[in-house]
Amino acid sequence: MSDFPIQYDADAGTIQLDGKGGASVMLAFLLKAKFGDAFDREVLFHPNLAAIMIALRAKGIIQVSETEGPFDRTAIQSIARLIVGESWRSGWWQKSRDEQIEFIQNVVVAPHRLSAEQIEFLFDDIEGDLHWQRRIVDAADAAKVS
């Protein structure tokens with residue numbers, strides 16, 4: 000068993016929760032399912048959970064479009080803001096563009112896929128968010144000097 004407290008056995012078609020960590024993850028899922036939490040950082044950027052969802056998609060248990068995710072422009076903008084906000088933890092700025100796309104497709108939006116157009120919107124929104132954050136820092140720095 001790996002350190003991650005949830006395992007998916009594709010052959011048996013089972014998900015196993017292990018110990019207090021597994022119970023904690025299940026409780027978090029139940030609370031989110033009951034009370035909602037769109038684009039939760041802990042779930043959105045979790046590669047092990049993404050791998051389970053991708054395995055479920057591969058088995059046909061989750062039916063999703065292979066060409067375009069169910070995300071509108073507002074959702075893509077929200078995802079972009081979260082990518083920028085979590086970039087220090089995910090190593091986003093150290094990744095090549097291809098690695099960034101792979102991270103988006105295989106972790107962030109899994110089990111869904113984004114179209115090329117959605118990917119471009121996402122990158123534009125990341126750059127836009129970064130631009131505004133830089134302007135805020137510049138304004139804050141200028142205020143300190145005055």
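Read in order, the letters of the sequence shown are residues 0 to 145 in numbering that gives the first Met the number 0.
All residues carry an ideal CB built from backbone N, CA and C; glycine is no exception.
Anticipated Cβ contact below 8 Å, residue i with residue j, distance rounded
i, j, result
"Ile-125", "Ala-57", "The pair is not a contact, with the Cβ atoms about 28 Å apart (cut-off 8 Å)."
"Gly-68", "Leu-113", "5 Å"
"Ile-61", "Tyr-7", "At roughly 12 Å, the Cβ-Cβ gap does not stay under 8 Å, so Ile-61 and Tyr-7 are not in contact."
"Ala-54", "Ala-115", "Between Ala-115 and Ala-54 the Cβ distance is about 25 Å, and since that is not below 8 Å, they are no contact."
"Gln-99", "Trp-91", "7 Å"
Burial state of residue i (16 or more Cβ within 10 Å)
i, result
"Phe-28", "exposed"
"Gln-132", "exposed"
"Ile-103", "buried"
"Ile-135", "exposed"
"Ala-141", "exposed"
Own chain residues within Cβ distance below 7 Å of residue i, not counting five before or after
i, result
"Leu-48", "Val-42"
"Glu-65", "Arg-112"
"Lys-94", "Phe-102"
"Gly-20", "Pro-4"
Residue from the options with nearest C-alpha to residue i
i, options, result
"Ala-74", "Lys-31, Ala-138, Val-107 and Asp-10", "Val-107"
"Ile-118", "Pro-110, Arg-96 and Asp-128", "Arg-96"
Spatial neighbours of residue i in its chain, beta-carbon cut-off 6 Å, leaving aside the 5 residues before and after
i, result
"Phe-3", "Asn-47"
"Ala-139", "none"
Sequence-distant residues of the same chain with beta carbon closer than 8 Å to residue i, five excluded per side
i, result
"Ser-23", "Pro-4"
*asked:* Within 8 Å, do at least three Cβ pairs link the stretch 12 to 19 to the stretch 67 to 84?
replied: no
*For the stretch 41 to 60 and the stretch 81 to 89, state whether three or more C-beta atom pairs, one from each stretch, are separated by less than 8 Å.*
yes
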